[in-house]
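Notes to accompany the following structure.
Residue numbers (the working numbering): 561 to 677.
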């Protein structure tokens with residue numbers, strides 16, 4: 561399972577990088593989304609996949625003796641999801657304004673300076 565998720569992570573990073581290097585702003589946003597999802601799976605893999613109970617210590621014990629799921633990677637993934645959603649929303653609004661001003665989706669036209677604006 562971990563090998564499959566490692567391959568999926570690599571594919572998401574590769575596809576995201578490929579999409580970000582295209583000339584379209586929409587493909588750039590899709591590339592950001594793919595790289596964000598790849599980062600989330602990478603954090604999940606670094607936390608090690610373990611089937612276990614929630615890390616709740618019973619009242620009569622001082623430490624956990626059974627196998628438990630680590631909550632730190634899950635909290636990091638939730639934080640990364642919120643941050644990537646905010647970044648995607650900002651990028652969509654920014655690219656919409658650029659498209660309204662330039663009437664083009666091509667990133668090469670963004671780099672050129674137009675005196676009419």
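Glycine residues also receive a C-beta, built at the ideal position from the N, C-alpha and C atoms.
- Residue 635: member of the alpha helix (DSSP H) spanning 631 to 662, first to last residue.
- The shortest C-alpha to C-alpha distance from residue 572 to any of 601, 563, 587 is the one to 601.
- By the Cβ-count criterion, residue 598 is buried, with 16 or more other Cβ atoms from all chains shown falling within 10 Å of its own Cβ.
- A Cβ-Cβ separation of about 6 angstroms places residue 603 in contact with residue 633 under the 8 angstroms criterion.
- Of 586, 649, 625, the smallest CA-CA separation from residue 665 is found for 586.
- Shown here, residue 587 sits in a helix according to DSSP, grouped into three states.
- The C-alpha of residue 637 is placed about 13 angstroms away from the C-alpha of residue 608.
- Taking 4 residues as the shortest admissible run, the segment 567 to 625 contains the following complete alpha helix (DSSP H) segments, listed from N- to C-terminal end: 585 to 606.
- Taking C-alpha positions only, residue 561 is separated from residue 567 by approximately 10 angstroms.
- Residue 569 is classed as buried because its beta carbon has at least 16 other beta carbons within 10 Å across all chains shown.
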